[in-house]
Structures are given as structure tokens and as C-alpha cells.
Amino acid sequence: MGNPKAFITISRKEAGYRPVLERVTDFEEVEQALSQEERKVQASRCMDCGIPFCHWACPLGNRMPEWQDMIYKGKWKEGVEILHETNNFPDFTGRVCPAPCEKSCVLALHEAPVKKVAVVGSGPAGLAIAQQLNRKGHAVTVFEKDKNPGGLLRYGIPNFKLDKKVIDRRLRQLEEEGIVFRTNTEIGKDISGEEVTKRFDAVCLAIGAGKPRDINPVGRELKGIYFAMDFLSQQNQLILGEPLTHTERISARDRHVLVIGGGDTGSDCVGTSIRQGAVKVTQIEILPKPPVGKNSSTPWPHSYPNILKTSSSHNEGCERRWLLNTIEFKGENGAVKEAVVEEINWQKAENGRLVMVGTGNTETIRADVVFLALGFVHPVHEGLLDELGVGYDVRGNVAVDRESRSSVANVFATGDAVMGASLVVKAIASGRKVAESIHQLLTREKD
Ligand SMILES: Cc1cc2nc3c(=O)[nH]c(=O)nc-3n(C[C@H](O)[C@H](O)[C@H](O)COP(=O)(O)OP(=O)(O)OC[C@H]3O[C@@H](n4cnc5c(N)ncnc54)[C@H](O)[C@@H]3O)c2cc1C
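With numbering that gives the first Met the number 0 applied, the sequence shown closes on residue 446, and no number is skipped along the way.
Next comes the structure, spelled out in C-alpha cells:
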């Protein structure tokens, strides 16, 4: 017998397959081999349990414990002789046998064959699912299209609110716990969704709500008008020393900045612009200014209190305006210079819905650069979601049932991709919930 305690201390390790992009271009064998040293370590996991069901399960009666012991001891020649006693062609079966011996291994009674889960997206929702499932004994691989994991925690939220070292520290822990991260890998492009669903027992889409809301006033095509995320992610990439995704350098330095959108993302654009050296930052919002302190129309806990939020960024110096609709951008030499805004009111229509009514009062705001921080409409459909053919709800988010299952078998979804743009706490909560559903599914399948 190899090492009597190895089955406790050493985890199962597979050599895996060659990368998809490489192997689909040839007909060479896809499976890789462990190194001789790794193979010896794996052989030590056979505990010679005394009830070798593996002999019985193998149609050839291959003597597993004996030859694993030889491998563990580095006696390769003796090992192959034991194999040849029962099997004429171990070189064939080693490649194509579905290994009934492994399924019947006594270790499997405690260590049921590990079920593999792919998590697509490494924001807070994806990381929460990954940790929950990994701790329940499933083998979790997280695929992330960006250079580093973290989702909006890393590339959206500015460093001055969340230092990325905090994310790196947590990621080290997750990796040490056994979660595998495949970054720079966009599912639906670098690897197809179909391939992932084939290779994993369950797939969870935690891809966020990446499609930004846009507006279309006259002059929208002028240079210098950016989505907030292009600006914020670039600043985070600069701090991280990463190559820039948006190759054009977006800078607020010495500029009059107009942020359209009065929410948290807009506030992050304010703080980032100030740090970059903007001359003046104006933030405008189409909705009315919320009351300060308390709002009797949105009492907690019946609804989230709609009260005026003043962030640390606002306190750094920013003009804030409400009830303004942008009707035109004006420019010089193709670059934005001003925004024309109109004062508006919200009035109740006959059907009870609020409608926006222009007052006719307009003004011009200087804007050398404009950031559109208008929220997100839903996850990006093109690519992975459309390829998989998942169903959408009325808002364009991934539609899921009570167990967080999408319309595609064994494909789950969670986080902003399901809820629409939300909060980190909600993403984590949603990730934990879907992890439980996936665990239930995989344990049912094991039984
Ligand atoms: C600027 C900004 C500031 C915010 N500030 C706060 C805040 O202060 N507090 C708060 O609670 N919330 C805040 N939020 C909201 C919060 O960040 C999100 O609600 C949360 O991150 C959503 O988590 P998620 O895991 O669902 O998605 P995300 O964090 O969006 O992560 C999705 C991940 O999936 C990856 N991905 C997408 N498609 C693929 C694919 N096909 N293959 C591989 N990977 C893919 C993306 O690259 C991304 O890394 C902020 C949001 C923004 C935009």
C-alpha cells in the first residue's frame, strides 16, 4: 500500500485537457498527462482498503491496489507487469476506458465523485457561489473575461472606496481553498457556452448587468462623451498597472466635467474626476431632489428610503442639480463643449404614472467631457446568453425560476444578471442562494 493516510491529506488531481482553442485546430490527443512525480503522489491515495471493489468492477479484473503501490514506489516496470497480467492493452484502455474501477472505489463512498461547477463571472455574486460550492465539496472553476477577478468590485467601484488589495487578499484565500480561476477568458467567445455546459455538471451565469443605459440627444456622437464605466474602469486599470481596455485615454484633468446621472455611479465619476484634476464638476439628475433625513412617502421597512445621499465625493467639491433633462450636446471640431439642459417637472397622468413635462426653461452647462451614469438596462445579450438561448424576463434580465434555474438545463443565473443593477450585498445573497440550489441538484444526481 502507498501511504496509509494519503487519501485524507492528498486531494484528487486530474491532468485535464489541452486548451480548447489549441486542440480544436488539430486531431492530437486532448487529454494531458500528470508528471511522473504527480502520478506517484496520486497513486499514494489508494489505501488498499481490503475490499477492492475496483477488481470486481473492472471487466478485466485489473489489480488496482497492487499496481498503484508499484507506481507510488516508482517501480514502473513491476507496475506494468502487474497490469499486463490482466490486460493486454493498458495503453488503449488508459486512454479510452470510462474507468468503472474509479466509480466503485471505496473512497467514493466518502468522497463521492466530485461534481464540477462552472461559474461565469467573478463579481461578488460569482465569488460567493464559488466559495459556497467549493466548501460543500464541489470542484469550482470561475471564468472571468477581465484580466483579474472581482467584477465591479475591481473595475467599477473606485479604489478610494474599495482598495483592490482587499479583493486580492480574499482571492488568495479562495484560491488556497481550491477554487480555480480562469481569467482573460470570455465564455461565448474564447470558449463557447455549449462547451462549458458539456464539460461541467452545472453552470452558473454571474455575468452582471453590463449593458449601460444611453440617451440620444442631438450631438450624442460628439467626442468626449463616455459611459461612466469606461472612465471608472480605466482609472482602476491605471492604478492596477493593467493594459487599458478602452484604448483612448479618458481624462478629466483641467476640464469642466458634466456627470449625467445622480446615483452612486455618478458620484464615483465625481470623485474620480476631482482626483484627476478637473476644473469643475457638475452632476445633474432628471428626478427631483430627494428630501434630507426622512421621506414619509418611502417609509422603512416598506420600501428603501429615498432620501438625499451626499457621498464623500460630493463633499470634495461638486455642483449638484436636479430636474434637468439633457436635450442637446454642442461641440467644436467634433468634440463636446456644452450641454443644453431643460428644466422639467413630473406630473401624474390619468393612468397614475408619472410623466416628464418640459418647462421650456433651458440653460447651457460647460462640458469638455461628459460621463453618462444612467444605470444599466440588463446583462449583455450578445455572445454567451444568446448562444445558450436562455430566456429573458420583461426587463431583459435572465429569467430564472425559484431555484435560480434558467430556461436551459443545468444553467443557473444570479446577481445583477438576474436582478438588474443592484448592490454588492444583494449580489452576495443571490450567489449564496443559487449555490444552495446547485448543491441540491448535484447531490440529487449523486444519489
Ligand atoms: C461604478 C459602480 C459603483 C458601485 N458602487 C457600489 C457600492 O458602493 N456599494 C454597493 O453595494 N454596490 C455598488 N455597485 C453595484 C455593485 O457593484 C453590483 O451590484 C455588483 O457588483 C453586482 O455583482 P455581480 O457579481 O452580479 O456582477 P459584476 O460585479 O458586474 O460581475 C460580473 C462579472 O462577469 C464578467 N463577465 C461578464 N460576461 C462574461 C463572460 N461571457 N465570460 C466571462 N466573464 C464574464 C464581468 O467581466 C464581471 O467581472 C456599484 C456599481 C457600479 C457600476
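Yeah, the Cβ is synthetic: ideal placement off N, Cα and C, and Gly gets one too.
- For Tyr303, the secondary structure class from DSSP, reduced to helix, strand or coil, is coil.
- In this structure, DSSP gives Gln31 a state outside helix and strand, which the three-state scheme calls coil.
- DSSP, read as helix, strand or coil, puts His137 in coil.
- Set against 8 Å, the gap from the CB of Pro148 to the closest heavy atom of ligand 1 is smaller.
- DSSP lists Trp345 as the bridge partner or partners of Met355.
- Ligand 1 approaches Pro123 closely enough that one of its heavy atoms is under 8 Å from the residue's Cβ.
- Leaving aside the five residues that flank Ile9 on each side, the residues in its chain whose CB is nearer than 7 Å to its CB run, in chain order, Val40, Ser43 and Arg44.
- Here Ile259 is not near Leu151, since their CB atoms are 9 Å or more apart.
- Annotation: Lys210 to Glu381 spans about 10 Å, alpha carbon to alpha carbon.
- DSSP places Ile81 in the uninterrupted alpha helix (DSSP H) bounded by Trp75 to Thr85.
- Taking non-hydrogen atoms of ligand 1 into account, the C-beta of Ala32 is found less than 8 Å away from none of them.
- For the 9 Å CB-CB criterion, Leu221 and Gly330 form a contact.
- Contact between the segment 418-433 and the segment 393-407 is present: 3 or more CB-CB pairs across the two stretches fall below 8 Å.
- Taken atom to atom, the span from the alpha-carbon of Pro148 to that of His255 is near 33 Å.
- Judged by the Cβ position, Lys102 fails to qualify as a neighbour of ligand 1 at the 8 Å threshold, every heavy atom of the ligand being at least this far.
- At the C-beta level, Ile283 and Arg320 come within 9 Å of one another.
- For Phe328, the closest C-alpha among the options His438, Val217, Thr246 and Arg443 is that of Val217.
- Counting every other CB atom within 10 Å of its CB across the protein chains shown gives Asn235 a total of 16 or more, marking it as buried.
- At a threshold of 8 Å, Asp415 counts as near ligand 1, since its beta carbon sits closer than that to one of the ligand's heavy atoms.
- Scanning its chain for C-beta atoms nearer than 6 Å, with the 5 sequence neighbours on each side dropped, one finds around Ala117 the residues Thr140, Val195, Phe199 and Val202, in chain order.
- The nearest non-hydrogen atom of ligand 1 is 8 Å or more from the C-beta of Thr244.
- The C-beta of Trp345 has fewer than 16 other C-beta atoms within 10 Å across all chains shown, which makes the residue exposed.
- A Cβ-Cβ separation of about 6 Å places Gly419 in contact with Ala208 under the 8 Å criterion.
- Just so you know, the alpha carbons of Asp162 and Asp267 end up roughly 14 Å apart.
- In this chain, the alpha helix (DSSP H) harbouring Glu174 covers Lys163 to Glu175.
- Set against 8 Å, the gap from the CB of Asp68 to the closest heavy atom of ligand 1 is not smaller.
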